[in-house]
Amino acid sequence: MTLLVTGSAGFVGTCVVRQLIAETDEPVASVDALTYAGNPLSFGPAAQSPRHHFEHADIRDEARMRAIFKHYQPRAILHLAAETHVDRSIHAPAEFVSTNIVGTLTLLQVAQDYWRNLPEPRRNAFRFQHISTDEVFGSLAPEAPAFEETTAYAPTSPYAASKAGSDHLVLAWQRTYGLPTLMTHCSNNYGPYHFPEKLIPLMILNAVDGKPLPVYGDGQHVRDWLFVEDHARALRLVLEHGTPGETYNVGGAAERRNIDVVNMLCSVLDELQPSGAPHARLITYVKDRPGHDRRYAINFGKLERELGWRPRESFETGLRKTVRWYLANPGWVASVRSGGYRNWLDKNYGSREAE
Ligand code: NAD
Ligand code: DAU
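Number 360 marks the last residue of the sequence shown (this note's numbering); no jumps.
Put into structure tokens, the structure is as follows:
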């Protein structure tokens with residue numbers, strides 16, 4: 006039995022791989038194109054595990070995906086590979102459509118061919134799990150109820166639209182061809198190994214360096230924060246116990262305004278790494294993100310009722326752990342900043358290929 010994970014070298018993917026290697030006996034075939042966002046240094050101890058098989062591959066490469074399915078004969082696929090940064094999607098949307106929609110289409114076609122040729126017991130057990138986002142539901146008014154699984158799609162950014170497109174393909178493959186799919190919509194993750202283009206790691210590293218902390222617009226936008234380890238646990242639970250064809254929302258029960266998140270980070274840093282003046286003095290309001298969604302909030306009642314999941318980490322404890330992690334891992338931070346992590350393939354495989 007092998008689990009196939011796409012986008013395995015990303016922020017959430019590496020967390021899933023680290024958990025699977027640490028907490029199960031199952032081999033993991035991990036597939037990633039190693040875009041700027043993919044960082045094999047984030048596999049941590051899982052990088053060395055003989056059960057972890059890393060494949061440097063693009064999900065849009067159909068021949069390669071067919072070969073990977075044939076070789077590993079996975080019992081299931083956790084599909085996380087995507088372009089994920091909203092700001093980048095505003096500047097360069099084509100890559101988002103290409104990977105998130107066309108890439109997902111490629112995987113669905115390959116998975117479907119593989120699945121329908123499986124022998125009976127394995128065919129019934131196979132799952133295609135698509136990892137999606139709460140952003141497909143669009144922006145909530147301040148007092149509106151949180152997103153449910155049945156909330157209508159209303160994506161606003163090119164990123165969200167491309168994820169919505171991929172969701173619709175997955176749902177169509179389930180309805181039309183009977184592919185046993187599972188889908189999750191999760192809120193904003195944070196935690197160790199987060200690429201510093203996203204709010205929380207960007208603010209931590211800028212604050213440590215004494216650089217401005219750029220808050221978009223009026224800073225009153227609300228996100229629902231979930232510690233990444235809790236997201237990975239939810240994904241594994243849905244994979245093992247979710248009902249094929251169903252969708253599950255995953256959230257942190259931690260709605261916070263951006264300005265409050267940044268102020269909280271500053272207070273934690275004032276305590277853990279005092280700089281002589283409050284870090285909050287660095288807060289700078291900057292021009293808003295175009296089309297910026299005002300509020301996200303997730304109702305994860307279905308996942309709680311049906312599968313017994315709840316986040317283990319509170320936002321306060323998770324944020325503190327995250328700040329501590331960034332302060333304790335200057336090597337990882339330096340490799341990300343210098344782009345040094347991108348030499349990993351040469352380092353890791355150069356000598357092997359020569360043998
Ligand atoms: P990330 O940007 O950190 O990682 C994405 C990974 O996908 C990278 O390793 C990248 O190299 C890889 N990738 C990109 N294009 C590829 C391609 N064509 N072929 C193969 N690999 C490719 O993103 P993340 O935060 O880890 O998010 C993972 C998934 O979870 C995404 O599908 C995202 O939409 C979803 N999600 C993330 C969050 C969050 O807050 N991080 C919340 C909800 C849902
Ligand atoms: O909701 C889930 C989504 O969360 C995931 O699907 C996305 O992949 C992930 O990137 C994240 O999207 P956001 O756009 O919410 O995350 P980001 O960290 O980019 O921004 C969080 C909030 O902080 C958002 O309201 C914009 C604001 N922000 C962000 C940056 C980078 C700032 O005010 N300043 C910044 O410099």
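Every residue, glycine too, gets a C-beta built ideally from N, C-alpha and C.
Checklist entry - Can you check whether the CB of T104 is closer than 8 Å to the CB of I73? => result no
* Asked: How many whole angstroms separate the CB atoms of G296 and S162, which I take to be in contact at a CB cut-off of 8 Å?
  -> Right, their Cβ atoms sit about 6 Å apart.
By DSSP, does K75 sit in helix, in strand, or in coil? Under the three-state reduction of DSSP, K75 is assigned to helix.
**Q.** D229 in three-state terms, based on DSSP
**A.** strand
- C-beta atoms of V267 and Y253 nearer than 8 Å: no
**Study point:** Sub-8 Å separation of P249 and R132 beta-carbons
**Key:** yes
- request: Determine the direct distance from the alpha carbon of L46 to that of N334, and round the result to whole angstroms.
  value: 12 Å
- Task: For the beta strand (DSSP E) containing F131, list its first residue and its last residue.
- Result: Counting along the chain, F131 falls outside any beta strand (DSSP E), and DSSP gives it neither H nor E.
(request) Please state if the CB of L184 and the CB of W120 are separated by a distance shorter than 8 Å. (result) yes
Could you spell out where the alpha helix (DSSP H) holding I26 opens and where it closes?
F16 to E28
Notebook entry, point to check: Around the C-beta of D229, are 16 or more other C-beta atoms found within 10 angstroms, so that it is buried, or is it exposed?
Noted result: That one is buried.
Taking the continuous beta strand (DSSP E) assigned at R366, which residues delimit it? Outside the displayed span of the chain (6 to 360) sits residue 366, for which this structure offers no information.
According to DSSP, is S280 helix, strand or coil? coil
Around the ligand NAD, what residues have a beta-carbon under 5 Å from a heavy atom of it, in chain order? G12, A14, G15, F16, V17, D37, A38, T40, A42, G43, D63, I64, L85, A86, A87, T89, T104, G108, I136, T138, C191, N193 and N194
Less than 7 Å between C-beta atoms, sequence neighbours within five positions excluded: which residues of the same chain meet that for P316?
L231, F232, D235, G257 and A258
Fill in: Host alpha helix (DSSP H) of V91 (start-end)
V91 to H96
Own chain residues within Cβ distance below 6 Å of R347, not counting five before or after | When the five nearest sequence neighbours on each side are left out, no beta carbon in the same chain lies closer than 6 Å to the beta carbon of R347.
- Message: Check for me: the beta strand (DSSP E) holding N211 runs from which residue to which?
- Response: Taken as a continuous stretch (DSSP letters only), N211 belongs to no beta strand (DSSP E), being part of the alpha helix (DSSP H) at L204 to V213.
Under 6 Å Cβ to Cβ from L312, same chain only, skipping five residues before and after it: list those, please.
L242 and H246
task = Would you check whether the ligand DAU has a heavy atom nearer than 7 Å to the C-beta of R294?
result = yes
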